[in-house]
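Asks:
Protein chains in written order, with the working numbering: chain A, 9 to 500; chain B, 10 to 489.
1) Report back the beta-carbon spacing between residue 412 of chain A and residue 464 of chain A to the nearest angstrom; my notes put them in contact at under 8 Å.
2) Which residues bound the alpha helix (DSSP H) around residue 334 of chain A?
3) Any beta carbon from chain A within less than 8 Å of residue 87 of chain B's own beta carbon?
4) Please report whether the beta-carbon of residue 138 of chain B lies at a distance below 8 Å from any beta-carbon of chain A.
5) Taking only the alpha-carbon atoms, compute the straight-line gap between residue 279 of chain B and residue 352 of chain A and give it to the nearest angstrom.
6) Starting from residue 306 of chain A, follow the beta strand (DSSP E) in both directions and report where the run begins and ends.
7) Measure the Cβ-Cβ separation of residue 408 of chain A and residue 274 of chain A and say whether it is below 8 Å.
8) Using a beta-carbon distance below 8 Å, is residue 245 of chain A in contact with chain B?
9) Under 7 Å between beta-carbons, which chain A residues line up against residue 98 of chain B? List them in chain order, please.
10) Could you compute how far the alpha carbon of residue 172 of chain A sits from the alpha carbon of residue 363 of chain A?
11) Taking beta-carbon pairs under 7 Å, can you tell me which members of the region 286–313 of chain B lie near chain A?
12) Out of A:489, A:437, A:110 and A:250, which one is the CA nearest neighbour of residue 292 of chain B?
13) Quick check on residue 371 of chain B: buried or exposed, where buried means 16 or more other Cβ atoms within 10 Å of its Cβ?
14) According to a CB-to-CB cut-off of less than 8 Å, which residues of the region 48–64 of chain B neighbour chain A?
15) Which residues in the same chain have their Cβ closer than 7 Å to the Cβ of residue 180 of chain B, if we skip the five residues on either side of it in sequence?
16) Does DSSP put residue 201 of chain A in a helix, a strand or coil?
17) How many Å lie between residue 352 of chain B and residue 440 of chain B at the Cα?
18) Give a yes or no on whether 8 Å exceeds the smallest Cβ distance from residue 91 of chain B to chain A.
19) Run the proximity test for residue 161 of chain B: is its beta-carbon closer than 7 Å to any non-hydrogen atom belonging to the ligand MG?
20) Along chain A, which residues have their Cβ under 7 Å away from the Cβ of residue 283 of chain B?
21) Chain A beta carbons: is any one of them nearer than 8 Å to that of residue 154 of chain B?
22) Using 8 Å as the limit for Cβ to Cβ distance, is residue 115 of chain A near chain B?
23) Flag residue 111 of chain A as yes if its beta-carbon sits less than 8 Å from any beta-carbon of chain B, otherwise no.
24) Mark residue 90 of chain B as exposed unless 16 or more other C-beta atoms lie within 10 angstroms of its C-beta, in which case mark it buried.
25) Got a sec: is the Cβ-Cβ distance from residue 319 of chain A to anything in chain B below 8 Å?
26) Along the chain, where does the alpha helix (DSSP H) containing residue 126 of chain B start, and where does it finish?
27) Applying the criterion that 16 or more other CB atoms from any shown protein chain within 10 Å of the CB defines a buried residue, is residue 466 of chain B buried or exposed?
28) Check whether the region 16–24 of chain A touches the region 47–63 of chain A, taking contact to mean three or more Cβ pairs, one atom from each stretch, closer than 8 Å.
29) Is residue 191 of chain A helix, strand or coil by DSSP?
30) With DSSP collapsed to three states, give me the class of residue 118 of chain B.
31) Note down the Cα distance separating residue 459 of chain B from residue 475 of chain B, rounded to an integer number of angstroms.
32) Step through the CB atoms of chain B and report whether any lies within less than 8 Å of the CB of residue 352 of chain A.
33) Report all residues from its chain with a CB closer than 6 Å to the CB of residue 322 of chain A; omit the five preceding and five following residues, and keep chain order.
34) Taking only runs of the alpha helix (DSSP H) that begin and end inside the region 220–270 of chain A, which ones reach a length of at least 4 residues, in chain order?
35) Would you tell me roughly how many angstroms separate the C-alpha atoms of residue 435 of chain A and residue 65 of chain B, rounded to the nearest one?
36) Give a yes or no on whether 8 Å exceeds the smallest Cβ distance from residue 278 of chain B to chain A.
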């Protein structure tokens with residue numbers, strides 16, 4: 009076998025293990041060495057658990073030795089964003105208020121990964137409670153972009169994007185509320201996939217905005233994304249919003265190609281407002297699709313212009329209630345106070361960072377008596393318009409496409425003083441969460457500074473098959489194979 | 010000028026489902042603190058609620074029994090407020106789309122039947138329980154707060170009446186009738202002493218005949234029918250002189266202090282809450298299919314008012330009809346006894362007398378005794394046939410309740426069956442009369458008190474198994 013196993017795709021690693029050319033233990037060892045070489049610089053992990061990972065790898069190897077077919081994830085080292093509960097493993101959500109918190113149970117998605125034989129190596133860094141677009145809002149310090157350590161990896165699932173790009177995991181789970189999987193995937197040059205709302209159970213995912221949150225995979229290829237998706241998707245009786253029907257079958261049409269595919273370009277998101285290099289890569293990909301037999305046309309979805317505003321009312325409103333439980337009473341940070349109320353207030357004041365505090369205040373205000381209709385009520389009406397616009401568009405096209413992020417990775421600290429500039433990073437990804445359908449970011453090129461550019465594909469709810477078919481076609485046409493330069497030394 | 014009260018009652022009832030409202034934890038009273046808990050009812054990060062279908066059905070059943078409008082689509086909302094025993098710091102409740110709206114409850118009062126309108130019935134989750142340690146037991150001065158989350162997430166039904174009640178007595182009668190209905194529907198045992206049913210009330214006072222409403226005061230924390238009535242009576246007596254003196258009643262929330270027998274003003278600042286209700290995004294709306302409503306409607310048992318009316322038609326006194334209708338298991342036992350041939354009034358008398366006294370003495374429920382309707386019918390037949398004296402029947406019933414067997418069996422074993430064969434009785438009388446010719450002669454001469462003497466002799470020779478009434482009749486006949 010050529011090269012470092014840490015750089016393998018999940019499919020290639022599984023094939024090598026099946027052929028007896030690679031053991032789960034050896035693969036884990038390669039990933040551990042990679043993490044040792046990159047972590048000091050990147051800080052993509054908050055928790056690493058190689059002891060637990062070794063046991064899981066040994067179990068996978070034993071099963072392989074017995075000739076058992078454990079499926080495509082057996083023995084594959086994966087990472088999980090730190091807002092998914094892991095039994096007995098610290099789960100902080102990037103917040104001081106959950107420092108030292110060890111959940112007594114596994115999130116459903118985590119339990120399904122373990123059941124599929126995946127080797128859980130650790131928990132990845134994130135913007136506090138998934139609020140942010142750069143992973144700079146982590147109470148434990150920022151994660152750096154493997155392509156340029158002076159730049160952010162995007163967010164909020166920046167740690168998960170960075171470990172897959174850097175090779176310190178072969179795949180990872182993140183969560184996407186307004187683009188938190190697709191935007192960092194775009195900035196880190198990997199595939200990031202947000203499935204249809206309800207396809208992956210939210211049980212054990214620490215909620216940011218319940219009606220928008222969705223768990224999904226980071227991988228190096230679209231096919232690997234399908235593999236992780238298949239492992240974690242499916243009805244969960246513990247999540248009342250979980251979809252009860254069958255999970256869309258995606259495998260058989262994955263390689264069907266772009267010919268005959270009706271592709272709609274979202275006019276409101278594909279023009280000015282994007283950096284020239286981003287727009288150029290986007291246009292190049294569209295031309296390639298057209299050249300390969302796809303029908304490409306431009307569509308107008310007027311509500312897209314209001315989606316960002318609606319999102320920044322709905323998500324904070326839900327978060328203001330979701331984060332009320334962090335009060336120092338039962339778990340997490342507790343600061344002293346003369347009364348229960350003072351204890352709660354002090355714990356929350358010191359436990360939450362500024363962005364989380366800002367959004368709780370925003371949401372509390374939006375839900376207050378006398379303001380509810382003007383803010384939350386109207387935002388829900390915009391959301392309905394977004395859903396209607398999408399439905400109208402999907403009567404004419406199979407998928408919609410946009411640049412994932414209007415810019416490539418920005419510099420650390422560049423936007424931290426300007427929340428609005430930071431919020432604009434998600435302008436292209438937010439409508440998909442309001443609409444509920446799936447979305448994916450596929451890397452299609454590098455800009456002049458060698459930073460990755462992502463191409464976003466959207467599909468109607470439960471349209472995973474056509475989404476992944478289109479994404480796979482984009483991947484094949486773009487032929488993006490660049491990897492970040494390996495870290496210079498094994499510092500740390 | 011006279012004054013009248015205008016009262017509306019909010020009733021909270023814990024629904025007796027096996028598991029809690031949004032998780033699988035057991036729903037039960039009296040367990041060790043913090044043993045019926047899980048990530049969901051503790052509000053751990055990432056945990057999600059899953060609604061209890063049985064609790065929803067129970068609420069709909071109550072709505073159907075009250076003639077309420079059942080919402081085809083109902084929504085749970087989050088009610089946001091911070092409190093140490095509220096694990097998520099929001100309560101999953103209902104707001105503008107409750108399960109049931111409208112309906113009414115007919116309440117028997119001293120002045121006749123009053124129809125009390127219902128505003129709504131909705132479903133929510135209960136909170137945990139705080140115990141404040143420290144000298145006063147009051148929140149502010151407490152040294153520590155102990156939290157028990159066993160009750161957290163228990164399904165709680167809220168029944169809101171219209172302000173249709175006009176006196177504390179009526180409010181109490183309404184609450185009692187609602188309780189009877191809830192017990193009859195199997196929604197809850199509604200044990201007040203265990204906090205399974207709790208009351209808040211709105212009360213204002215106005216000049217009699219006035220249609221305008223006075224300023225209302227909300228009273229919280231009444232845990233029994235008696236305290237509901239007492240608190241309202243206190244409040245009416247507090248408000249009336251204020252109005253008489255031309256002063257204003259302040260709109261506020263007051264708490265009932267059971268021990269002191271007074272209502273006290275809450276801190277108004279604390280009470281002015283904005284709950285910031287919004288639809289619970291972790292749950293989908295509840296949609297009720299017509300077929301389910303039909304199934305629940307046809308499964309409704311006979312309601313207490315109908316049952317009382319039926320028993321009165323069978324000849325029971327109003328009090329007896331109420332006791333039998335509402336006593337746990339009494340109505341079913343009476344129905345079984347009547348079906349087995351018992352006379353309704355006689356069987357009701359056994360139930361309200363001997364049986365109730367026995368249950369009180371041994372501290373058991375009717376269901377835990379072996380007594381059946383057939384037993385009561387058998388007992389009634391034995392007495393009617395003169396084979397068992399009233400006194401002996403009580404003894405037999407005690408034996409049946411103690412598990413000694415059916416009445417005839419118990420009576421035989423205890424040798425309590427009276428001689429009912431006319432021939433045997435006549436022979437015993439003849440024998441005694443033959444042995445006492447002098448007394449017979451004096452009786453014939455008019456010395457009536459000798460009847461008693463001769464009856465006593467017959468009772469002696471029959472070992473007490475003759476019916477003294479019939480023996481006395483036989484002796485009188487012989488003396489003529």
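In this text, a Cβ means the ideal position worked out from N, Cα and C, and glycines have one as well.
What you are looking at is a predicted structure, and each value in this text was computed from that prediction instead of being measured.
Replies: Let me lay it out:
1) 4 Å
2) Looking at the DSSP string, residue 334 of chain A is not in any alpha helix (DSSP H), and its letter there is neither H nor E.
3) yes
4) no
5) Only weak support is given to the placement of residue 279 of chain B: the predicted model assigns it a pLDDT of 48, under 50, and the question is left unresolved by the model.
6) 303–307
7) Closer than 8 Å, so yes.
8) yes
9) Ordered by position in chain A, the residues that pass the 7 Å Cβ test against residue 98 of chain B are 332, 333 and 335.
10) One C-alpha to the other measures close to 26 Å.
11) 287, 290, 291, 292 and 293
12) A:250
13) exposed
14) Residues of the region 48–64 of chain B with a C-beta less than 8 Å from any C-beta of chain A: 48, 51, 52, 53, 54, 55, 56, 57, 58, 59 and 60, listed in chain order.
15) Cβ within range, chain order: 16, 18, 174, 210, 237, 238 and 241.
16) strand
17) 37 Å
18) yes
19) Although the ligand MG was asked about, the structure shown includes no ligands whatsoever.
20) 376 and 377
21) yes
22) yes
23) yes
24) exposed
25) no
26) Segment 121–134 is the beta strand (DSSP E) holding residue 126 of chain B; no alpha helix (DSSP H) there.
27) buried
28) no
29) helix
30) strand
31) 18 Å
32) yes
33) 387
34) 230–240
35) 41 Å
36) A caution first: residue 278 of chain B carries a pLDDT of 47, below 50, which makes its placement in the model unreliable, though a value can still be read off. For residue 278 of chain B, the answer is no, since every Cβ of chain A falls outside 8 Å of its Cβ.
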